[in-house]
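Per numbering that gives the first Met the number 0: the sequence shown = residues 0 to 588.
Ideal placement from N, C-alpha and C gives every residue a C-beta, glycine not left out.
Heads up, the thing below is written out as structure tokens.
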Amino acid sequence: MNLRSMDGAFSSWQLLYCPRNRSYFTALDTCADLFIACFGGMLFGWGEFRPQDLIRDVLIDIFRHWDHWRSYCYACLHHFYELALGNWLTFIGNTTSTHFTRKLELISSQIASYISQNRKAGCFFGSLIAYYVADRWGRKPSLLIAAAFTIAGVIFQCASSGHIAVLYIGRLVSGLGVGAASMLTPLYVSENAPRAIRGALTGMYQLFIATGTMLSFWVNYGALLHLPGDSVWIVPLACQMIPAIFLFVGIAMCNESPRWLARQDNWEKATAILSQVSNLPSDHPYIRMEIEERRLIGGAGFVDLMKEMWLVAGNRKRALISIGLMTCQQMTGTNAINYYAPKIFLNLGINSATSGLFATGIYGIVKMVTCAAFLLVAADSLGRRRSLLWTSIAQGTAMFVIGFYVRFDPPVKGAVIPPVGYFALTCIYLFAGFFQFGWGPCCWIIVSEIPTARLRALNVAIAAATQWLFNFVVAKAVPTMLVTVGRAGYGTYFIFGTFCFSMFFFVWFLIPETKGLSLEKMDELFGNPDLLHQKHDEESQNGSVRRASAAEKNAHVAEIEEREHAGGNVDGGVESRGTTGDDIVAQNK
């Protein structure tokens with residue numbers, strides 16, 4: 000039953016409550032049942048019966064006419080991985096656990112540091128390797144491999160039983176999986192997200208990281224209070240496996256990216272998936288236009304793509320912006336707090352480890368709530384550029400307030416925290432909120448939406464590798480900074496605050512606004528000539544391509560955009576406009 004063939008005066012929500020469509024009265028109950036069934040399948044695995052096909056088909060039928068719900072559900076499935084990433088971000092605090100150090104006979108903080116940094120090395124190389132795997136075998140198989148690596152790595156860590164070498168191997172293997180997912184998830188979502196909600200869907204990457212961080216903080220807190228012996232660090236470690244299992248099984252319910260299928264000349268399947276996502280027939284002019292644009296993108300080798308990225312001015316600018324954004328994101332100091340929050344709270348006057356973990360748990364809740372608020376109300380309305388600008392100043396101010404407190408009125412161990420001390424503690428939470436309203440989600444949104452279609456995977460891979468590289472730098476430097484840069488490390492806050500203020504000028508002069516732009520409009524924004532139209536016209540004259548007239552195409556596009564902004568899910572979500580071939584390099588030198 001096609002709801003769009005019915006009276007056009009009814010919206011999807013009106014039809015939901017219309018007595019004529021009794022099947023939709025049970026839709027909510029069905030969704031709840033399928034939601035539970037999906038999670039049950041994620042936990043227990045799948046056999047020869049392959050129930051995921053049935054579940055996927057029913058889910059598609061239910062959500063086909065509900066405004067963007069299917070897009071959000073698919074995005075959530077892919078973003079499950081960030082729960083594991085957020086969980087891992089807070090594990091470093093557990094390396095100071097008495098049971099952990101006793102079990103592994105850690106006699107120096109240096110060895111604990113090596114354990115925490117080992118996985119970052121895996122993340123760095125995993126994000127680079129994922130580019131090759133994603134372009135050769137597809138986004139979906141790559142995510143499955145990443146999930147499998149994470150599961151295997153966590154098993155190694157939990158079974159290390161006092162052997163540091165086994166723990167090192169487990170951290171490295173799981174790091175490869177997490178690093179790969181950090182590149183693959185925003186790439187896949189941005190390639191499939193409808194333009195009207197692309198910012199919100201891609202920004203969910205940061206929301207799931209914040210959620211995983213929050214859950215991990217409270218798991219660590221509960222383990223410290225209630226679990227005996229080695230369970231205090233083994234259980235939080237094992238929890239990292241749960242989101243990876245969800246992703247591994249849940250990804251089976253999703254389709255491959257139509258963009259990647261088009262690059263592999265699998266036009267029939269790409270057309271079918273694009274038609275399914277956009278809820279339009281495969282012979283619709285809009286679908287034909289999208290497919291023909293993908294046909295003209297073509298393929299290229301690694302060397303060709305590197306030349307295209309660094310020798311074409313517009314592409315080079317986008318790559319440098321992506322690298323700069325991910326560097327700046329780490330230099331805000333957010334992971335300094337994520338990794339060493341208990342120690343930082345102790346330096347600010349919290350007198351016990353338990354209270355420090357509790358304060359850290361509240362910090363995680365603040366991050367999750369503010370990130371969700373940003374995605375709901377600001378991601379596609381306030382804009383990326385404006386969000387980055389005002390949060391740069393706000394974050395820098397919060398850091399300087401904390402630094403001034405530690406410098407001029409340092410807390411005394413055992414003494415009551417003064418009012419200014421509580422204000423400094425509040426600034427930690429304010430900093431978290433500011434970060435989630437700008438530099439947290441916006442960086443991933445911009446990095447995944449500004450490259451051309453052919454360079455998107457490579458661009459996101461380089462950006463993710465940059466993020467992990469500077470993540471390593473921050474995590475390695477902060478413990479020393481908190482000890483050596485002034486009393487109680489007050490200079491640490493001044494350093495990160497200065498970086499935050501400097502980021503305002505970086506954004507002001509170099510970052511354009513991308514809110515509401517279709518992916519193919521990015522070439523115009525960054526100054527690349529629209530060679531796609533030129534080549535398309537040449538092939539049309541040779542009889543190799545049939546297109547609708549320009550007026551007809553524009554009318555269809557206008558119709559699609561009007562329905563999209565009215566809340567319909569007919570966008571296709573995979574618009575692309577890329578550069579093609581070595582001739583692009585020659586024409587843009």
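| Check | Outcome |
| --- | --- |
| Would you say N632 and N470 are within 8 Å of each other, going by their C-beta atoms? | This structure cannot settle anything about residue 632, because the visible part of the chain is limited to 0 through 588. |
| In whole angstroms, what separates the C-alpha of A377 from that of L387? | 12 Å |
| Between the beta-carbon of A222 and the beta-carbon of S230, is there less than 8 Å? | yes |
| Would you identify the three-state DSSP class for T212, choosing helix, strand or coil? | helix |
| Is the segment 447-459 close to the segment 335-342, with three or more CB pairs under 8 Å? | no |
| Between which two residues does the alpha helix (DSSP H) containing G420 stretch? | 418-435 |
| Give the C-beta separation of A397 and F357 to the nearest angstrom, bearing in mind that I take them to be a contact with Cβ-Cβ under 8 Å. | Their Cβ separation, rounded to whole angstroms, is 21 Å, which puts A397 and F357 out of contact at 8 Å. |
| According to DSSP, is G249 part of a helix, a strand, or is it coil? | helix |
| Spell out a yes or no on whether the segment 418-437 and the segment 149-169 are touching, meaning 3 or more CB-CB pairs, one atom from each, closer than 8 Å. | no |
| Are the CB atoms of F123 and W467 within a distance shorter than 8 Å? | yes |
| Work out the CA separation of I401 and G496 for me, nearest whole Å. | 10 Å |
| How many angstroms separate the CA atom of L516 from the CA atom of A179? | 27 Å |
| Would you identify the three-state DSSP class for E448, choosing helix, strand or coil? | helix |
| Can you name the start and end residues of the alpha helix (DSSP H) that T479 belongs to? | 455-483 |
| Among Q205, G137, F508, I244, which has the Cα closest to the Cα of D264? | G137 |
| For I322 versus I461, is the C-beta spacing smaller than 8 Å? | yes |
| For R258, count neighbouring Cβ atoms within 10 angstroms of its own Cβ and tell me buried if that reaches 16, exposed if not. | buried |
| Helix, strand or coil: which one does DSSP assign to I286? | helix |
| Could you tell me the boundaries of the alpha helix (DSSP H) in which P257 lies? | 257-262 |
| Compute the distance between the beta-carbons of A464 and S159, then report whether it is under 8 Å. | no |
| Could you check whether the segment 139-156 touches the segment 304-318, counting it as contact only if at least three pairs of C-beta atoms, one from each stretch, sit closer than 8 Å? | no |
| Answer yes or no: do L143 and R455 have a C-beta to C-beta separation smaller than 8 Å? | no |
| Report, in whole angstroms, the separation of the C-beta atoms of W507 and C327, which I expect to be a contact under 8 Å. | Actually they are not in contact, since the Cβ atoms of W507 and C327 sit about 13 Å apart, beyond 8 Å. |
| Do you know whose CA, among G249, R262, L226, C253, lies nearest D590's CA? | Examination of residue 590 is not possible in this model, given that the chain is present from 0 through 588 alone. |
| Considering only residues of the same chain and omitting the five flanking positions on each side of Y130, which have a CB-CB separation below 6 Å? | A456, L457, A460 |
| Below 8 Å on the Cβ atoms is my contact criterion, and I expect F434 with T513 to pass it. Report the Cβ-Cβ distance as a whole number of Å. | Actually they are not in contact, since the Cβ atoms of F434 and T513 sit about 20 Å apart, beyond 8 Å. |
| Check each candidate in K268, E291, V177 and name the one with the smallest Cα separation from P242. | V177 |
| Quick check on DSSP: helix, strand or coil for V311? | coil |
| Closest to I510 by C-alpha separation, out of A393, R384, Q394, would be which residue? | R384 |
| Let me make sure I understand the geometry here. Which of N117, W389, S181 has the alpha-carbon closest to that of I128? | S181 |
| With a threshold of 16 other CB atoms inside 10 Å of the CB of Y421, please say whether the residue is buried or exposed. | exposed |
| Please name the residue in I272, D303, L524 whose C-alpha comes closest to that of S256. | I272 |
| Candidates F504, C499, L226, F436: which alpha carbon is nearest A371's? | F436 |
| Go ahead and pull the three-state DSSP assignment for L387. | helix |
| Have a look at F247 and K139 and give me their C-alpha separation to the nearest angstrom. | 10 Å |
| By a C-beta neighbour count over all protein chains shown, 10 Å radius and 16 as the cutoff for buried, is G413 buried or exposed? | exposed |
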